[in-house]
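Notes follow the structure.
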Amino acid sequence: KVLILDFGSQVTQLIARRVREAAVYCEIHPNDVSDDFIRSFEPKAIILSGSHASTYEDHELRAPQAVWDAGVPVLGICYGMQTMAVQLGGKVEWSDHREFGYAEVRAHGHTALLKGIEDFSTLEGHGMLKVWMSHGDKVTALPPGFKLLASTPSCPIAGMANEDKGYYAVQFHPEVTHTLRGQAMLTRFVREIAGCKGDWIMGDYIEEAVARIREQVGDEEVILGLSGGVDSSVAAALIHRAIGDQLTCVFVDHGLLRLNEGDMVMDMFEGKLHARVIRVDASEMFLGELAGVTDPEQKRKIIGRLFVDVFKAEAAKLKAGTGGHKGATFLAQGTIYPDVVESGGTKTKKATTIKSHHNVGGLPEQLGLKLLEPLRELFKDEVRALGVALGLPPEMVYRHPFPGPGLGVRILGEVKKQYADLLRRADAIFIDELRGWKDEATGKSWYDLTSQAFTVFLPVKSVGVMGDGRTYDYVVALRAVQTSDFMTADWAELPYGLLKKVSSRIINEVRGINRVTYDVSSKPPATIEWE
Ligand code: XMP
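Residue numbers for the sequence shown follow UniProt numbering, beginning at 5 and rising by one.
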């Protein structure tokens with residue numbers, strides 16, 4: 005396994021991700037772990053991370069001596085390169101301003117790390133690499149025994165290596181995707197240079213994660229808000245695997261869930277996994293507070309506020325301890341790595357709120373509970389793979405996203421139980437047909453070929469004819485989009501045959517709906533949800 009020592013860079017998790025993509029197990033630990041820890045970890049290789057952009061005051065951070073005594077390959081990245089240089093007898097020029105940016109690096113020589121890894125070659129035969137690099141502090145003299153590995157005009161020593169010892173270092177960041185061949189470099193380091201096998205799979209991750217959760221929680225108790233969404237479901241399954249009945253899940257049913265969703269969540273977690281789940285049926289309360297409210301933002305705020313209130317009330321009960329349980333001290337959340345990055349302030353604030361997403365941040369502090377976030381270092385696709393490895397059904401793990409306010413934002417205007425019931429049934433038909441309809445060219449279902457698909461209830465009536473009679477009933481709109489990031493989206497070109505079947509099934513099977521339309525708006529200028 006590979007040991008990553010974290011000097012505080014915002015992208016350290018990405019190193020772990022890339023190493024795992026090379027199918028090699030790794031763990032991230034703080035840079036100041038003890039020499040004993042490193043010896044007992046028995047790493048096959050060590051990677052020293054970067055440090056965050058404004059820490060020039062902290063350039064006293066050093067790798068423990070055991071790193072250099074371990075006799076294994078070491079890769080220094082950015083700050084990791086600088087500390088390697090200083091500790092092994094080279095020189096670094098510190099500077100108080102740094103820039104993180106795109107650069108073209110010339111790769112020298114034929115080191116095991118960079119040989120043949122290049123985006124293009126120059127006339128002189130050097131490989132050129134497109135990379136992301138921190139300028140500012142830089143290595144100005146190689147340590148004894150090291151040779152030059154890469155350079156740029158402004159950073160003459162942008163990489164160095166002592167191949168006899170297996171020490172490599174780069175000033176740029178191979179872990180970010182902007183460094184085009186970064187994955188190839190990291191794979192080569194852990195697999196070829198360090199000789200790791202590349203046979204690590206998600207199943208092994210479970211054991212490590214379970215051990216970590218047990219260590220963190222001890223004999224204390226944990227509460228988790230289960231929504232039925234992928235992240236909270238996988239977190240619940242993982243924590244339950246680790247600590248069983250020390251976990252209590254709280255599932256708030258706001259009455260705006262999809263058809264049978266509440267029962268399916270209970271069936272899975274209580275029925276199959278035997279987890280302790282408290283289902284709070286708060287639908288009357290939600291629908292009561294939503295009565296007469298038509299403004300989308302107001303609806304979102306009400307749903308968000310009630311959700312937090314209901315959850316807090318349950319959590320307070322659990323914190324106090326009930327029926328043989330001594331009281332919870334941890335709140336678990338299914339925070340995943342992109343959430344961590346987003347809340348790290350690296351994203352610019354949007355100038356206007358398009359839609360206020362409901363947000364349960366700040367809950368642990370308000371409740372006086374410690375935070376347990378076992379998925380913090382994983383990306384969505386890894387969370388899904390983990391869910392499957394934990395035995396969750398793939399249909400659950402690969403489900404399209406569903407917004408926190410649920411059907412509350414898919415019933416335009418005032419939310420009524422009657423509307424929600426009609427919408428649930430129409431939507432279930434749409435999803436059922438999408439799952440069943442296979443695309444001939446790819447063999448995939450249209451559910452898998454779309455990123456998100458759902459039905460929207462329009463509170464308008466139109467005239468129709470059924471049998472000999474006139475109908476005057478409601479309208480629904482089908483929405484199906486394809487997107488990679490949900491920031492922009494195209495409407496999906498669903499086959500006409502599929503649309504035809506969905507339309508006729510909804511109109512025949514759901515009494516009260518006599519017209520089905522298909523939404524052909526892309527985002528922008530429309531959004532994915534209608535409210
Ligand atoms: P829009 O409608 O803004 O949606 O194009 C983008 C994505 O976000 C989802 N969405 C939400 N998710 N809480 C959530 O957890 C919310 O309040 C919320 N509102 C929208 C939407 O379903 C789509 O995937």
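Just so you know, even glycine gets a beta-carbon here, dropped at the ideal spot from N, CA and C.
Since the structure is predicted, the reported quantities are computational estimates derived from the model, not experimental observations.
How big is the Cα-Cα spacing for residue i and residue j?
i: Gly149; j: Val254; result: 59 Å
i: Thr59; j: Leu79; result: Unreliable positioning characterises Thr59 in this predicted model, as indicated by a pLDDT of 49, which lies under 50. A coordinate reading is not provided.
i: Pro528; j: Ile161; result: 45 Å
i: Val226; j: Ala317; result: 15 Å
i: Cys82; j: Arg380; result: 23 Å
i: Leu373; j: Leu367; result: 8 Å
i: His278; j: His404; result: 25 Å
i: Glu533; j: Leu263; result: 18 Å
i: His177; j: Leu426; result: 52 Å
i: Asp235; j: Thr252; result: 16 Å
i: residue 4; j: Lys321; result: Past the edges of the chain, shown from 5 to 535, lies residue 4, and the structure says nothing about it.
i: Val143; j: Val96; result: 4 Å
i: Leu190; j: His329; result: 47 Å
i: Val479; j: Arg309; result: 30 Å
i: Leu396; j: Glu369; result: 31 Å
i: Gly296; j: Lys303; result: 10 Å
i: Val15; j: Met88; result: 19 Å
i: Thr352; j: Ser449; result: Any answer about Thr352 is weak, because its pLDDT of 35 lies below 50 and its placement is not dependable; what the coordinates show is given next. If I take the Cα positions, the gap works out to 37 Å.
i: Ile307; j: Leu416; result: 15 Å
i: Leu184; j: Ala319; result: 46 Å
i: Arg66; j: Pro34; result: 11 Å
i: Ala26; j: Gln187; result: 8 Å
i: Ala424; j: Gly233; result: 19 Å
i: Asn166; j: His56; result: 26 Å
i: Asp494; j: Tyr402; result: 20 Å
i: Gln456; j: Ile435; result: 10 Å
i: Phe334; j: Leu376; result: 6 Å
i: Lys5; j: Ala239; result: 24 Å
i: Thr454; j: Leu261; result: 21 Å
i: Glu224; j: Gly327; result: 15 Å
Counting along the chain, where does the alpha helix (DSSP H) carrying residue i start and finish?
i: Glu25; result: 16-25
i: Arg429; result: 421-440
i: Asp267; result: 265-270
i: Glu513; result: 500-513
i: Val90; result: 83-91
i: Tyr209; result: 206-221
i: Phe45; result: 39-45
i: Arg102; result: Unbroken run through Arg102: none, as it is neither H nor E.
i: Arg388; result: 384-393
i: residue 4; result: Since the first residue of the chain shown is 5 and the last is 535, residue 4 is not available in this structure.
I need the boundaries of the beta strand (DSSP E) containing residue i, first residue and last residue.
i: Phe461; result: 456-470
i: Val281; result: 280-285
i: Lys134; result: 131-139
i: Asn518; result: 517-522
i: Gln250; result: Careful: Gln250 lies outside any beta strand (DSSP E) and carries neither H nor E.
i: Leu375; result: 374-376
i: Asp10; result: 6-10
Using 6 Å as the cut-off, classify the Cβ of residue i as near or not near the heavy atoms of ligand 3, replying yes or no.
i: Gln14; result: Ligand 3 is not among the ligands present in this structure, which contains only ligand 1.
*At least three beta-carbon pairs within less than 8 Å, the stretch 418-427 to the stretch 237-245*: With the rule of 3 Cβ pairs closer than 8 Å, the stretch 418-427 does not count as touching the stretch 237-245.
*For the 8 Å Cβ check, are there 3 or more pairs between the stretch 492-505 and the stretch 461-473?*
They do not touch, by the three-pair rule.
*asked:* With three or more beta-carbon pairs closer than 8 Å as the criterion, would you say the stretch 205-220 touches the stretch 38-50?
replied: The stretch 205-220 vs the stretch 38-50: no contact.
*asked:* Whether or not the stretch 15-23 and the stretch 178-189 are in contact is what I'm after, with contact meaning three or more pairs of Cβ atoms, one per stretch, closer than 8 Å; do they touch?
replied: Enough Cβ pairs lie closer than 8 Å, so yes.
*Contact between the stretch 387-395 and the stretch 439-452: three or more CB pairs below 8 Å?*
No, they do not touch.
*asked:* Runs of 3 residues minimum, wholly inside the stretch 125-203: which ones carry the beta strand (DSSP E) assignment?
replied: Fully enclosed beta strand (DSSP E) runs of 3 or longer: 131-139, 142-145, 151-156, 159-166, 171-174.
*Does the stretch 202-215 touch the stretch 119-132, meaning 3 or more C-beta pairs lie closer than 8 Å?*
Output reads no: the stretch 202-215 does not touch the stretch 119-132.
*Is the number of C-beta pairs between the stretch 23-33 and the stretch 62-70 that are closer than 8 Å three or more?*
Put simply, the stretch 23-33 does not touch the stretch 62-70. Fewer than three CB pairs are less than 8 Å apart.
*Counting only runs that start and end within the stretch 308-344, where is the beta strand (DSSP E) found for 3 or more residues in a row?*
DSSP runs (the beta strand (DSSP E)) wholly in the stretch 308-344: 334-336.
*asked:* So, does the stretch 192-208 touch the stretch 129-146, judging by three or more C-beta pairs under 8 Å?
replied: Put simply, the stretch 192-208 does not touch the stretch 129-146. Fewer than three CB pairs are less than 8 Å apart.
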